Amino acid sequence: MSVNHIGGANSREGSEFVLESVESGRVFDQDRAEAAVRELLIAVGEDPDRPGLIDTPSRVARAYREVFAGLYTDPDSVLNTTFDEGHQELVLVRDIPMYSTCEHHLVSFHGVAHVGYIPGSTGRVTGLSKLARLVDLYAKRPQVQERLTSQIADALVRKLDPRGVIVVIEAEHLCMAMRGIRKPGASTTTSAVRGLLQSSAASRAEALDLILRK
Ligand SMILES: Nc1nc2c(ncn2[C@@H]2O[C@H](COP(=O)(O)OP(=O)(O)OP(=O)(O)O)[C@@H](O)[C@H]2O)c(=O)[nH]1
Ligand SMILES: [Zn+2]
């Protein structure tokens, strides 16, 4: 058996990879997930043995494994590539497509994330793609939008020691669109600001202007 923190600690004790949750230490269990989906189909009044559904439990289990892949990845491993550019101003990646899963209803909320930071005194920066990887990692967990936003900001603070961080997420929650209150098109915006982008209204306004500019 081996434990795989994708992109992180990766030990091999056999031929099979086991995905272990970074937070809980529990592993992804394909058989258990399949059994649970089969039970759910029965519970809603379906016949899981009819031809159209026969492969659905294993398919859904594999899909969940992918949708929750961020549980098995160490966030600190994502920002391991850093380089000193001496850059002291804002670095901002806008409109990063984001798909996450609402932990209350296990349906998608999706939209875009904007991630920016002002490097620390050393001017150390990270690869631009790493910002999108960080969004992906935290999005691919059972989430609420507020926590997702904060976790991205806090990981950047931890790893880059920046002067400031700003994360803004705009998303539509399918649990509000396809059921419940049924308000398709309603959009939720959350932000997390740290350091200079929290303490300086002028710096924050400048960053927000760049983020929200169409
Ligand atoms: N703050 C926050 N709320 C969320 C998020 N995702 C879903 N929710 C809300 O979580 C709440 C769960 O409320 P409950 O009353 O326990 O569940 P429910 O009966 O299904 O609620 P309704 O969706 O209003 O039908 C709902 O109001 C959802 O809109 C999120 O990311 N952040
Ligand atoms: Zn929900």
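First residue of the sequence shown? That's 1 in full-length UniProt numbering, and the numbers climb one at a time after it. Every residue, glycine too, gets a C-beta built ideally from N, C-alpha and C. These numbers were taken from a predicted model, which means no experiment stands behind them.
**OP:** Excluding the 5 residues preceding and the 5 following valine 93 in the sequence, name in chain order all residues of the same chain whose CB lies nearer than 6 Å to its CB.
**Re:** Val115, Leu128, Leu131
Original post:
Between the C-alpha atoms of phenylalanine 68 and arginine 141, what's the straight-line distance to the nearest angstrom?
Top reply: 5 Å
**OP:** Starting from the Cα of aspartate 84, find the closest Cα among Ala207, Pro119, Ala155, Lys214 and give me that residue.
**Re:** Pro119
Subject >> Coil, strand or helix - glutamate 13 by DSSP >> reply: Because glutamate 13 sits at a pLDDT of 40, beneath the cut-off of 50, its placement in the model cannot be relied upon, and the following sentence gives the value as read from the coordinates. It is coil, neither helix nor strand.
Subject >> Reduced DSSP secondary structure (H/G/I, E/B, other) of glycine 8 >> reply: Legend: pLDDT at glycine 8 = 39, less than 50; position of this residue unreliable, no value from coordinates given.
**OP:** Using the Cα positions of aspartate 209 and methionine 176, report the straight-line distance between them to the nearest angstrom.
**Re:** 28 Å
Subject >> 4 or more residues per run - each alpha helix (DSSP H) lying fully within the region 52 to 102 >> reply: 56 to 67, 75 to 78
**OP:** Taking only heavy atoms of ligand 1 into account, decide whether any of them is closer than 7 Å to the Cβ of isoleucine 181.
**Re:** yes
Original post:
Taking Cβ positions, are arginine 147 and aspartate 76 nearer each other than 8 Å?
Top reply: no
**OP:** Name the two residues that bound the continuous alpha helix (DSSP H) containing residue 217.
**Re:** For the chain, the structure presents residues 1 to 214; residue 217 sits outside this window and is missing.
**OP:** Pull up the DSSP beta-bridge partners for phenylalanine 109, would you.
**Re:** Ser100, His173
Original post:
Would you report the Cα separation of proline 162 and alanine 43, rounded to the nearest angstrom?
Top reply: 50 Å
**OP:** Taking arginine 124 as the reference, give the member of Asn80, Phe109, Asp95 with the closest Cα.
**Re:** Asn80
Original post:
Given 8 Å as the limit, is there contact between the region 52 to 62 and the region 95 to 103, that is, 3 or more CB pairs closer than that?
Top reply: no
Original post:
Assuming arginine 47 contacts leucine 53 under a Cβ cut-off of 8 Å, what Cβ separation, rounded to an integer in Å, is found between them?
Top reply: The residue you asked about is not arginine; residue 47 is aspartate in the sequence shown. Indeed, because the Cβ distance is near 7 Å, the residues count as touching under 8 Å.
Original post:
On the three-state DSSP scale, how would you describe valine 135?
Top reply: DSSP places valine 135 in the helix class (H, G or I) of the three-state scheme.
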